[in-house]
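Numbering (full-length UniProt numbering), first residue to last: 1 to 718. Where a beta carbon is used, it is the ideal one built from N, C-alpha and C, also for glycine. From a predicted model like this one, the values you see are computed outputs, not experimental measurements.
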């Protein structure tokens, strides 16, 4: 009979279902409710429509309970699409009949009673709640309906999967109906919406992509951030959602609504970075999110210094330092930006001090071809050095470590600031494999070999660990010295011109870093840093084991080429290390006068090398031309001499004539300067007017080139 009634739909079906429901209610003890399930199997659509119509009329009775049980337990599970279609028809009829408030209230009551019916409606959220339908309902429904809606969301938030995703885009498309949005946002601030918030967090990338109005998004974001810190799992979910948001561009989402959640978020994100299985793309997202979190929390203050450090990611600075050396340029750049913005841990610990400066300088010397990252490294290093690394007990240790590492890198044959040349293997010292080897194993008192603090590869350890004696090292230096100055020019310009230009360009960056980091100025306050530079520079360039001949030996040889060991060494420094002259200038001109006087043997040795070079070119009439580097070095050396005040006028200004005179004249003037320094050492007597013999080279140069240097005659006239 039931099957025949289901086949004959219409009024007969309704009458049959009324009788069937009444009979089931009267025979409640026999449990005949399975007949409704059978009817739903034969005619699910009609039974669903009948059930909704029956449930939305009259007061709640026993018959309503029987029908609703079948609707929620069977029809909503087996035929959820019929339930959704029936609800849509009911809403459309209610809107047309202008009794929407009553119908919506009854529907919300049904949804509150059955989780399966709610799940069926949630699955078809976009079909059920279209913009025209919702707009019409909001115009007639009042605050009571909003309260019932919140009750449904609170009661069945665990089964709602689509509603949290599509609710915000729907509210964004509606205009003039902010009451529901405010009510839902206020409910999300409570502790009764955990499941709804979790689903909302998972859908944040989709929501952010489809919601254009910040006024709609902001209350929900505030609610998310309010609940983000309540559990560690939720905080982690928020962080993961924000990582996915990075691909959608800049976002206004603020995870720092509460400062207590900021440090936890940074810790969770840092844990993702330390995992070995993290892809480079995710690392870039995580670093960008951490940078956003730190920027948003810079204006906030916490109750303690430890909490402030945690909120600003100070404990993760070492991790950023490690990631800055990544081969991925984007990861390295993001890590450097974080290092610039995040306060660094103080360098009180000697091992951390050495590691920090060592890794930063190693990164600096490897990034000369990447200007954006190089500038960030300069800023980080300059900040650390200006603040002495935050060291209170012995701040000079930071300067000493920095200067020694820079000098060791500059004098290394493998440094980018060096013109490539053949150096015997024993000429380069590499640090061993042991991590505890953080200091120089060899010092200048017993070794002349350059030391590379940033080796490209660790050399294989050999069984023969005996140190080479000084005499053997000197012989090695003699064998590996450059060719004679008369032949050096063609060799350098023909085979190493491009390498020379690159080394000079790299040296400019080193010079800029050194001046900014040590704050080298003419004021006495900078003398301490420059004095440290003098100690380190002389230790490498003029080690105590190197024999320095007395001046009388040079008086007999100059201007001819000299072959003393110090001269061979100086040829290496001047011709192969473009950074040699700038660092010598910084050490001499910005240190205290007493300490600068220690550099006199170094300056005199450089003058000897230049005199030898120009003497080899003495038969060439023009000094300028293809010998621009040597001319530049000669002018720079004379600027150092002039800045010291060790040589009086007009001999100290002879560099003004170098671009306009011949090689013979340059040689003679440099020789005269060397002779004056040898005859009148500084601090033994004050510089006086030079004798006529020292001025003869200048007079000859002016006399022979008066047509080209006539405009400079007044400067040298007595």
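Fully contained in the UniProt domain "Integrator complex subunit 5 C-terminal" (599-683) are the following alpha helix (DSSP H) runs of length 4 or more, in chain order: 600-616, 628-644 and 663-679. Taking the CA atoms as reference points, residue 345 sits about 29 Å from residue 534. When the alpha-carbon of residue 109 is set against those of 130, 156 and 133, the nearest one is in 156.
Following the DSSP letters along the chain, one finds residue 60 in no alpha helix (DSSP H), marked with neither H nor E. The closest CA to that of residue 202, considering only 164, 264, 54 and 122, is found on 164. Note that the C-beta distance between residue 532 and residue 399 is below 7 Å.
Following the DSSP letters along the chain, one finds residue 400 inside the alpha helix (DSSP H) bounded by residues 396-410. Going by DSSP, residue 98 is part of no alpha helix (DSSP H) at all; its letter is neither H nor E. Here the stretch 411-420 makes no contact with the stretch 553-566; the two share fewer than three CB pairs at distances below 8 Å. Nearest Cα to residue 701 within the set 27, 654 and 510: 654.
Under a 10 Å Cβ-count criterion, residue 645 is classified as exposed, with fewer than 16 other Cβ atoms of the shown protein chains found around its own Cβ. In its chain, beyond the 5 residues on either side, 353, 356, 389, 390, 391 and 398 have a beta carbon closer than 7 Å to the beta carbon of residue 347.
Per DSSP, reduced to three states, the secondary structure at residue 23 is helical. A direct Cα-to-Cα measurement between residue 284 and residue 272 gives close to 11 Å. Under the three-state reduction of DSSP, residue 344 is assigned to coil, being neither helix nor strand. Only residues of its own chain outside the window of five on either side were considered, and among them 100, 101 and 104 have a CB closer than 7 Å to the CB of residue 141, listed in chain order. For the options 277, 154 and 315, the alpha carbon positioned closest to that of residue 186 is the one of 154.
Between residue 605 and residue 599, the alpha-carbon positions lie close to 10 Å from each other.
When rounded, the separation of the alpha-carbon atoms in residue 63 and residue 190 is 37 Å. A residue is called buried once 16 or more other Cβ atoms fall within 10 Å of its Cβ, and residue 674 is buried on that count. Shown here, residue 367 sits in coil according to DSSP, grouped into three states, outside any helix or strand.
Of the other Cβ atoms in all chains shown, fewer than 16 fall within 10 Å of the Cβ of residue 563; this residue is therefore exposed. Per the C-alpha coordinates, the member of 572, 359 and 126 positioned closest to residue 412 is 572.
Under the three-state reduction of DSSP output, residue 160 falls in the coil class, being neither helix nor strand. Counting the other CB atoms within 10 Å of its CB gives residue 634 a total of 16 or more, which places it among the buried residues. Taken through DSSP and simplified to helix, strand or coil, residue 703 comes out as helix.
CA-CA distance, residue 380 to residue 576, rounds to 29 Å.
Distance from the CA atom of residue 276 to the CA atom of residue 595, rounded to whole angstroms, is 51 Å.
The alpha-carbon of residue 574 is positioned some 12 Å away from that of residue 631.
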